[in-house]
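**Q**
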Amino acid sequence: MTADARGRPRDTRLTGAILDAVLAGLAADGVAGLRMEDIAAAAGTSKQALYRRWPGKPAMIAAAIHHALAAGNPAPPDTGDLARDLEIVLANTIRRLVETPLAGAIAALVGARDDAELAAALAAVLADRRVLMEAIFAAAAARGDVAPGRDVAIDIDALLGAIYYRLLIRRVPVMPADARAIVAAWHGGASV
C-alpha cells in the first residue's frame, strides 16, 4: 500500500519499521498527536522517506493498519473446515491485537471518524481484509457447509465484532484461545 512505484525499489525493512512506528505512535499519541517527524525519528529515517512512500498521514496510517492485519493473516486458511478456518483467522487477529500496538492504534482511530480522507483510506483497508474472510465463506459454501442465503457480511461483522467489542468497548482481555468460543457461539446458526 505505497503511494507509487517510481524510482528505486523501496527498502522493505525500512517500510516495516516506519509502519511499526506509526502503530506505536497512534497507540501512544492518537491521530492528532501523530507527527511525521516523530515517526521518521522512531524508524531511523527522514520525513522525505515517508512522503516518498505515502502522500500523507491518512495513507500512511491506513498502510500501517493493513500491514499489521496482513501480517497476522496473509492468506485465508483452507483446512476444509469452516469453523477451524475462522478460528485460525480470529486467533491470528487477536494475537496481532494483543502482541502489537494494533489495538491501541485502532482505539485511537475510533475517535477520528470525522476525517474523511482517513475514513476513506481505512475503508479500503477494511474491505481488502474482509476479502480474506469472504474467501473462507465462499470455500465453505462451495462445500455445502454454509446455509444458502446467509448474509456473509453480517457473519463477518458478528465474528470480528465480538473481538473488537470485548477489547475496545468492554475493555476485557481477549486471548487467541477465545477464538474457539467466539466461533462456536456463532457457528450453530450458520450450519446447514
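Residue numbers (the working numbering): 6 to 197.
Note that the Cβ used here is the ideal one computed from N, Cα and C, for glycine as well.
(1) Identify whether Met65 lies in helix, strand or coil by the three-state DSSP scheme.
(2) Thinking C-beta only, is Ile111 closer than 7 Å to Met138?
(3) Whole alpha helix (DSSP H) runs in the region 118 to 171 with 4 or more residues, listed along the chain?
(4) Counting along the chain, where does the alpha helix (DSSP H) carrying Val27 start and finish?
(5) Put Ala182 into one of helix, strand or coil per three-state DSSP.
(6) For my contact list, Leu172 and Ala108 are in at a C-beta cut-off of 8 Å; report their separation, rounded to the angstrom.
(7) Using DSSP with H/G/I as helix, E/B as strand and the rest coil, what is Gly77?
(8) What is the DSSP secondary structure of Asp43, counted as helix, strand or coil?
(9) Can you have a look at Pro63 and say buried or exposed, based on whether 16 or more other CB atoms are within 10 angstroms of its CB?
**A** Quick answer:
(1) helix
(2) no
(3) 121 to 148 and 157 to 169
(4) Thr17 to Gly38
(5) coil
(6) 6 Å between Cβ atoms; contact.
(7) DSSP places Gly77 in helix when its eight states are reduced to three.
(8) helix
(9) It counts as buried.
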